[in-house]
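**Student:** There's a structure below that I have some questions on.
Protein chains: 4
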Amino acid sequence: MNTGLHEECGVFGICSSHTTDVAATTYAALYALQHRGQESCGIVVNDQGIFSLHKDLGLVPEVFDRSQIEKLGQGNISIGHVRYSTTGKPSRSNAQPIVVRHIKGPMSIAHNGNLVNAYHLRKRYETKGATFHTTNDTEIISYVVTEQRMKRTSIEEAVEYAMYDLQGAYSLVIMSSQKLIAARDPNGFRPLCMGHCRDGSIVFASESCAFDSIDAIFDRDLEPGEIVVADKESVRSIRAHCRKKKAFCVFEYVYFARPDSMIEGCCVHDARIRAGKILWKEHPVNADVVAGVPDSGLDAALGLSQASGIPYEVGFVKNRYVGRTFIQPSQKMRTNSVRIKLNVVKSAIAGKRVILVDDSIVRGTTCRRIVSLLREAGAKEVHMRISCPPFTNPCYFGVDIDSKENLIACQMTIPEICDHIGADTLGYLSVDGVQSLTSPEMKPQEGLCMACFTGDYPIPVPKEMPKDKFEMKIRE
Amino acid sequence: MNTGLHEECGVFGICSSHTTDVAATTYAALYALQHRGQESCGIVVNDQGIFSLHKDLGLVPEVFDRSQIEKLGQGNISIGHVRYSTTGKPSRSNAQPIVVRHIKGPMSIAHNGNLVNAYHLRKRYETKGATFHTTNDTEIISYVVTEQRMKRTSIEEAVEYAMYDLQGAYSLVIMSSQKLIAARDPNGFRPLCMGHCRDGSIVFASESCAFDSIDAIFDRDLEPGEIVVADKESVRSIRAHCRKKKAFCVFEYVYFARPDSMIEGCCVHDARIRAGKILWKEHPVNADVVAGVPDSGLDAALGLSQASGIPYEVGFVKNRYVGRTFIQPSQKMRTNSVRIKLNVVKSAIAGKRVILVDDSIVRGTTCRRIVSLLREAGAKEVHMRISCPPFTNPCYFGVDIDSKENLIACQMTIPEICDHIGADTLGYLSVDGVQSLTSPEMKPQEGLCMACFTGDYPIPVPKEMPKDKFEMKIRE
Amino acid sequence: MNTGLHEECGVFGICSSHTTDVAATTYAALYALQHRGQESCGIVVNDQGIFSLHKDLGLVPEVFDRSQIEKLGQGNISIGHVRYSTTGKPSRSNAQPIVVRHIKGPMSIAHNGNLVNAYHLRKRYETKGATFHTTNDTEIISYVVTEQRMKRTSIEEAVEYAMYDLQGAYSLVIMSSQKLIAARDPNGFRPLCMGHCRDGSIVFASESCAFDSIDAIFDRDLEPGEIVVADKESVRSIRAHCRKKKAFCVFEYVYFARPDSMIEGCCVHDARIRAGKILWKEHPVNADVVAGVPDSGLDAALGLSQASGIPYEVGFVKNRYVGRTFIQPSQKMRTNSVRIKLNVVKSAIAGKRVILVDDSIVRGTTCRRIVSLLREAGAKEVHMRISCPPFTNPCYFGVDIDSKENLIACQMTIPEICDHIGADTLGYLSVDGVQSLTSPEMKPQEGLCMACFTGDYPIPVPKEMPKDKFEMKIRE
Amino acid sequence: MNTGLHEECGVFGICSSHTTDVAATTYAALYALQHRGQESCGIVVNDQGIFSLHKDLGLVPEVFDRSQIEKLGQGNISIGHVRYSTTGKPSRSNAQPIVVRHIKGPMSIAHNGNLVNAYHLRKRYETKGATFHTTNDTEIISYVVTEQRMKRTSIEEAVEYAMYDLQGAYSLVIMSSQKLIAARDPNGFRPLCMGHCRDGSIVFASESCAFDSIDAIFDRDLEPGEIVVADKESVRSIRAHCRKKKAFCVFEYVYFARPDSMIEGCCVHDARIRAGKILWKEHPVNADVVAGVPDSGLDAALGLSQASGIPYEVGFVKNRYVGRTFIQPSQKMRTNSVRIKLNVVKSAIAGKRVILVDDSIVRGTTCRRIVSLLREAGAKEVHMRISCPPFTNPCYFGVDIDSKENLIACQMTIPEICDHIGADTLGYLSVDGVQSLTSPEMKPQEGLCMACFTGDYPIPVPKEMPKDKFEMKIRE
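So the sequence lines, in the order shown, correspond to chains A, B, C and D.
No gaps in the numbering here: position 261 of the first sequence is 261 in this note's numbering, and each next residue is one more.
With the second sequence counted from 1, adding 476 to any position gets you this note's numbering.
With the third sequence counted from 1, adding 952 to any position gets you this note's numbering.
With the fourth sequence counted from 1, adding 1428 to any position gets you this note's numbering.
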């Protein structure tokens, strides 16, 4: 429920052959991608080369009301973005999409991912006289694309050549006066898929669930390294970068993505069901019921129940009204916040041996409280099962994992963690297990990035990565 | 997900022997009761006879931030209220608790229920020169209690004698300068329970889940007709009205209450599991999976799966960010709103025969769209099961059921409804079945109000009940 | 600029023969009356007996935007109210107009003034079982009118008889299903005038400047004690109470009313010019320039300049953007707030002997700072002239004068005050002088209430008047 | 009251030797500069090289509350900005100060003025790969300074060399990690002055009234072309650009600046008094009273009265509550907006021959309505006097004058204008007269830019100047 892990954003783009209400479509799509980022959001509409922009801090329904969408007006291309919420201060100027004007006209970019050579690139442009208004990678990308745009004959060619400079994880949608371009990094760290609306408009999104919400048809994922260019007349692919080994973030399956999304040919829900099944195989235990921690532990709990035959139960009710904005009304109440968010269904738990499934343990604090709630409710035994391996390494590709000091698996052995959280037994999904998530045949599958579990990074990573990597020394 | 049925409110009260942050406690408790009303909410704090009040339209976290709670200050008694949201215009002046001053001092009341003789009572007071500021029953109750207060020696005695005049459903918390009083109508239509905090404070709430959220201990339900009086020194019961037959609203089990609440000795979750089991017994069918409509159909679906052995599946993902405020960005998108709120997990449904469980069918519109989503997702068959009987009669006890013209079960036979919603088969829980919800032994149980299914009202009801029953002719 | 004196409200009403946008007209009129109250405001529209209401804390443009006015809709009668801002916490539930329903239908009341027998009346109704939702006099008035309404054949007759019970200052507009009624207390403490729009609609307002803003024609003041009844067909007067001696609040001329308003046959601007002239006569002094404290001291300064021949100068620039909301950004800056609100035009003041004119001195704090600003700017001499006599007595008729302890004139002699504020000389307008304000012939004029200067109250006043006179013990 | 002319901004900067609440000081100073821009505002605080920023659309008290100022925190340098409001859509991304990071660290800039070679400069940087996030000149200036910063040893040297590239009007405050720099263009088109606080802090502001509001001492204007550099230890001037002829905008005296400001050795109030005196000399007429249009016509009216001996009168009351936000509640009311903003004091006007003084006539619409209000109020004659010559030429130096088609003086002769506005006579201040504004000896004074009246531009101006000069094609 509160893993302490944050995805960096979701993107969406639409290109129609005619002028229509692309802003409303983008709005509905961002709603479906909201789980990928709750700090800020934005939409840019292109009406015959005129860009209209609105973005702000807040959830999609907070930032956009009907009048705001009407002000964005009609157009034939639009892109949108949702951005994640860190524990620190949110910053309005980092909201996306960004809109810049360069020598060839206006350009808007929305980005999901993280560049590993951002610092290096930034230095390079600053040395040439560039000024930076934000601390996000997207502005750096805008410089790289702009630099190429001056030498190339088209925006798509500029993106193609820019990609030789961009290292790391990026799923991009880029809008120029005439075109909508989607691009995925050569390792395909982050998801990006394409589809079409019933009126023929081309759509791109971080996840296929966005297409369902606008009644569009999912066509396929972009290949790692693929660039797709859409304009009023046509859609075409550039595959010059499609040669790298895929390294898709396995944590998208485990936690980030919505269960109803299809990614890389596998339904996220199925992957989680499978995680539960493998968990059972790897860590069987006698128990009376299986329960999941809402919401992201539920699917794996169901899978574990199916594999084990132990009845699935609704162990908790999650308070649907506790959003980003839960405020501790007083110091005294501080310890009660888990209690307000989650409540045990006592009759389902009391007197039972419970297998409790969650997607991850980051600091251990929340997990410990949840186990304690079960004990208070009368659980006889609590067997914790985690649907991924222990986090032991930082992510450089867009997941905001806590520092090593805060990662419990860097500080304790598994038995120690089990003891710390107060469980009777504790089982993590193995690295082999997590590799099999997307494959029903249980064969070790290539193409997943599991560096946060293994330390085996698919591409070279910087030795050090400061928290505020650009030391902008600017707070907002 | 959108039954068109609305509960009229949730109440909470706390009485401590000492001055403490009762506002913060009430705030946390209202959070847990938020499902009972999302239109408006309020808290009144009593600090040595001085009442501090804040209420407004909006959810608990919208109306109360930390500074607002700090402004309410410390006290030894506090009451709170959440109020439901109709499709019509919400009205700020109807927000509760109401605070009035009468001859013996200030009094604050929060109320859940509906009086059947409200019109009559109002007339009576108006004839004596009373003026009314709101259209809610609570103001009428304040007059009845005030009238008695002038003749009686204490507020509790006033409440006791007032109850001879109040007919219908009411669960009340009433705060005077010195006392906190909780009272439940003699039929016990609406829930009301009591408990205590670890510091000894007495608490009352519509549902026990409110106690869990503040780490209080549930003691018991108030008996129908019972009055409980708490002050700094003591707690005592008045049972003068405890002779009527209980007629607890069965729909609290089916839909309104939170699954983790204990009501009348039965866990709501268990009642729903049982509803699913009985549904299977009454309407068996060959199928591949069982799925529930989130959130209130999920428990019954699990019960049906347990009884039938047909695998339980997660059929839908509900968008957690679509709150009260979902705004259709344009006319064209109007039909898409179910699509944005609910999405089918295709891999769990495609090619399968699905038993779909929901709590009720009101107009049939939403149900029809949901069945259609399953068909689009490739369901081979859709067997609809409803965990209560068809609604055919208005409720006079606090449930805002649509008019007969809008109730599909008043307009069509069950086969016609089945055809209308596009299901292969349709089965409702029988009246006998719903009677057995709270009892594992499946014996017909006394003490439930099922008038909305049977027309058999436990007390006389008015012949006609205008929508705006007081014809206040005031809009806000 | 900040006298510490507050008027209690402004009222407006319109009655048209046809359905039209009375809400928009009331909105524009309230704008012109905003100086009479900046705490809260409200509008009620009557569309064939259906009342639509909106009121809230804030200025007119803050509470009403276009959509809010559109929601109020069309109608043929409307009333509006602006309420003053005290230094204490503003209370939403005290906002007006109030809307109540009594035995004969809905009624809405807006009130300017203060009842001297409010406590007594309240007691009387409470003893009969009444409950009170607010602490304002308006709710008491609603009970008195309702009581009479039960015995009389019309609302106007009810108002007529109610007036036998109401003692003190009141200018009322009252709206029933069919009628608009304006009533002024028999002493005429507070202003109330009537006029007509170009389409024939009848309008009532606290001040005639409201008519100018809606392009209506001023007809006349209501006589003290007069009741005027308007409906679709006719307008008629009831003069049963028109026998008392007039006692119009002289401070309306000195400070409250807008200079462009005509009251009791005298333009407020002219009265202030005359105050300046008399001041000169009573307190001549050699000087180089005359300057007024913006805004309410400017007219009297001009008059003094005209009488004396000493050049009028713009001594200060007032910051037009410092509204109700000026916030001290830090403790350290606290002393600077006068400096931010007012700045001396140095070139007009430096090296000069200055006569400085203001409308009143309440606590002396602000006055002392202003004199100090002039000294800093190089004024050689500062001769303070005040366009009314010293305040030495509380007002029971609607002016919120500080307690005696805070009134500097109750604590010090005039020479001591002169010394305290740092002026070279200090002259107050005499009681004789203030009596001549409205009359060019300088003859002592009857019909003014000057009790705050003389202690000679036109009607009996209560011995004690608690600050929160009803001891509601309710904070909001 | 609504000239249709807008100043482009006000700036403020403070540099202290120690860490203190510079944000609060900047806040108070911006309050005093609010008249120079009401669209947006911002403050940046420098705490040992860390910049904290807040800016948004709205007035100073709307954008900044106490918590916002506290979040900005302490520091030793701070700059602030207010921006004007056009009739078009305000844009959040154009709010200032802008904060960028370049190769040598963070930099923040606030700017008042307008570059005439902005288009050319922008092109130059875009050709080198620059991207632009805004449409304002300030971002261009940031590139020019950054380019120089790479070649120079200090930020002040960078500013000095950047000024060789900047053509047009600019008054700048620039903050680096260590320094605060103020710079004024070599013609000194816009005002910029310096002073010091009582604790020794150095302050810069567009107008001296900002110093008064923070109790700082005005020292002097910056010379045209002067750069002043302040840091913790010292203050020093760079005068490399101090050779051009001064061309200070005369309209600052006529309309923009606050009367209490000292600019170029002349108090603005005195200049306006003098304008009124010259107006009388140039256009005498028999009349009974002189009145000014609030607020900017008042001083000249007083001057005209002094010169002519015709009594000065308060002709109008301006509604102080009609701010930026006046909303026409309905179409029907559209014509009433002048009426709501201004009301005639009838007793001062009726039956009189009136000389009415205003600062300018732009389109003539407002002027026509005001004359008509006077006629309705019974003025026998209306003699319009304007305290500057007719506008016939666009301004390229920071005043947002309407297009020629909208300037009435480009479309009509003076008699035609007089006829159009309905006045009996009309007299504009002559060009010779406006030249004498700042000089008591009435000698033609050098050093003023009067190009909007004469077409005689002090520096070369672009042939064409598109409304959206950069064709950003971006709306927000």
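In this text, a Cβ means the ideal position worked out from N, Cα and C, and glycines have one as well.
Hey, could you find the ends of the beta strand (DSSP E) PRO582(B) is sitting in?
**Tutor:** It spans 581-591 - the beta strand (DSSP E) in which PRO582(B) sits, taken as one unbroken run.
**Student:** Look up GLY1027(C) in the DSSP assignment and say whether it is helix, strand or coil.
**Tutor:** Strand.
**Student:** Can you find a CB in chain C that lies within less than 8 angstroms of the CB of ILE545(B)?
**Tutor:** No, no contact with chain C.
**Student:** For the segment 1194-1256 of chain C, list the alpha helix (DSSP H) runs that are entirely contained and at least 4 residues long, ordered along the chain.
**Tutor:** Correct list: 1220-1234.
**Student:** To test your reading of the DSSP string, which unbroken alpha helix (DSSP H) runs of 4 or more residues are found completely within the segment 1814-1899 of chain D?
**Tutor:** Within the segment 1814-1899 of chain D, the complete alpha helix (DSSP H) runs of at least 4 residues are 1836-1839, 1842-1849, 1859-1863, 1879-1882.
**Student:** For ALA1558(D), name the three-state secondary structure that DSSP assigns.
**Tutor:** Here ALA1558(D) sits in coil by DSSP.
**Student:** For GLU147(A), collect the residues of the same chain with a Cβ closer than 7 angstroms to its Cβ; drop the 5 residues on either side in sequence, then sort them by chain order.
**Tutor:** Same-chain partners within the cutoff: there are none.
**Student:** Could you tell me whether the segment 658-667 of chain B touches the segment 627-645 of chain B, using the rule of 3 or more Cβ pairs below 8 angstroms?
**Tutor:** Segments in contact, yes.
**Student:** For the beta strand (DSSP E) containing ILE227(A), name the first residue and the last one.
**Tutor:** That run of the beta strand (DSSP E) goes 227-230.
**Student:** Using DSSP with H/G/I as helix, E/B as strand and the rest coil, what is HIS628(B)?
**Tutor:** The sequence given here places Arg at residue 628(B); His does not occur at that position. Reduced to three states, the DSSP call for ARG628(B) is coil.
**Student:** Please confirm if VAL1274(C) has its CB atom under 8 angstroms from at least one CB of chain D.
**Tutor:** At least one chain D Cβ lies under 8 angstroms of VAL1274(C).
**Student:** Please go through the same chain and pick out, in chain order, the residues whose beta-carbon is closer than 6 angstroms to the beta-carbon of GLY88(A), but skip the five residues on each side of it.
**Tutor:** Note on GLY88(A): pLDDT 46, under 50, position unreliable in the model; no value is reported.
**Student:** Please name the residue or residues paired with VAL997(C) in a DSSP beta bridge.
**Tutor:** Paired residues: SER1004(C), SER1030(C).
**Student:** For ASP1251(C), which of SER1641(D), VAL1750(D), LEU1650(D), VAL1745(D) has the nearest alpha-carbon?
**Tutor:** Minimum Cα distance to ASP1251(C) is reached at VAL1745(D).
**Student:** Any C-beta of chain A within less than 8 angstroms: which residues of the segment 1715-1740 of chain D qualify?
**Tutor:** Those would be none; no residue qualifies.
**Student:** At what residues does the beta strand (DSSP E) containing LYS794(B) begin and finish?
**Tutor:** From DSSP, the beta strand (DSSP E) with LYS794(B) extends over 792-794.
**Student:** On the DSSP bridge list, what partners appear for LEU1308(C)?
**Tutor:** BP columns for LEU1308(C) point to ALA1243(C), MET1336(C).
**Student:** How is SER1634(D) classed by DSSP in three states: helix, strand or coil?
**Tutor:** Note: SER1634(D) maps to coil in three-state DSSP.
**Student:** Using a Cβ cut-off of 8 angstroms (strictly closer), state whether MET1578(D) contacts chain A.
**Tutor:** Yes - at least one Cβ of chain A is within 8 angstroms of the one on MET1578(D).
**Student:** Under 8 angstroms, Cβ to Cβ, is there at least one residue of chain D near ILE1292(C)?
**Tutor:** Interface residue, yes.
**Student:** Which residues, taken in chain order from the segment 998-1019 of chain C, show a beta carbon closer than 9 angstroms to some beta carbon of chain D?
**Tutor:** Residues LEU1011, VAL1012, PRO1013, GLU1014, PHE1016, ASP1017, ARG1018.
**Student:** Closest Cβ-Cβ distance between SER1094(C) and chain B: below 8 angstroms?
**Tutor:** Answer yes: the Cβ-Cβ gap between SER1094(C) and chain B drops below 8 angstroms somewhere.
**Student:** DSSP three-state label for PHE1163(C), please.
**Tutor:** Correct three-state label for PHE1163(C): helix.
**Student:** SER1299(C) touches chain F at which residues, Cβ-Cβ below 7 angstroms?
**Tutor:** Given the protein chain composition of this structure (A, B, C and D), no chain F is represented.
**Student:** Counting only Cβ-Cβ distances shorter than 9 angstroms, please list the residues of the segment 508-520 of chain B near chain A, keeping chain order.
**Tutor:** Flagged, chain order: ALA508, GLN510, HIS511, GLN514.
**Student:** So if I threshold CB-CB distances at 8 angstroms, which residues from the segment 1099-1123 of chain C count as touching chain B?
**Tutor:** Those residues of the segment 1099-1123 of chain C that come within reach of chain B (Cβ to Cβ, closer than 8 angstroms) are GLU1099, MET1102.
**Student:** Assuming CYS1362(C) and LYS1356(C) are in contact, meaning their beta carbons sit under 8 angstroms apart, how far apart are those beta carbons, in whole angstroms?
**Tutor:** With a Cβ gap of about 5 angstroms, CYS1362(C) and LYS1356(C) count as contacting.
**Student:** What residue range does the beta strand (DSSP E) around ILE217(A) cover?
**Tutor:** Start and end: 217-221.
**Student:** Considering only the alpha carbon of each residue, which of LEU1770(D), ASP1647(D), GLY1725(D), CYS1670(D) lies closest to PRO1211(C)?
**Tutor:** Residue LEU1770(D) is the option with its Cα nearest to PRO1211(C).
**Student:** Taking its Cβ as the centre, do 16 or more other Cβ atoms sit within 10 Å of ILE1230(C), making it buried, or is it exposed?
**Tutor:** Label assigned to ILE1230(C): buried.
**Student:** Can you check whether the CB of ALA747(B) is closer than 8 angstroms to the CB of GLY923(B)?
**Tutor:** No; because the gap between Cβ atoms is not below 8 angstroms, this pair is not in contact.
**Student:** At a CB-CB cut-off below 7 angstroms, which residues of chain D make contact with ILE103(A)?
**Tutor:** Correct list: GLU1554, THR1555.
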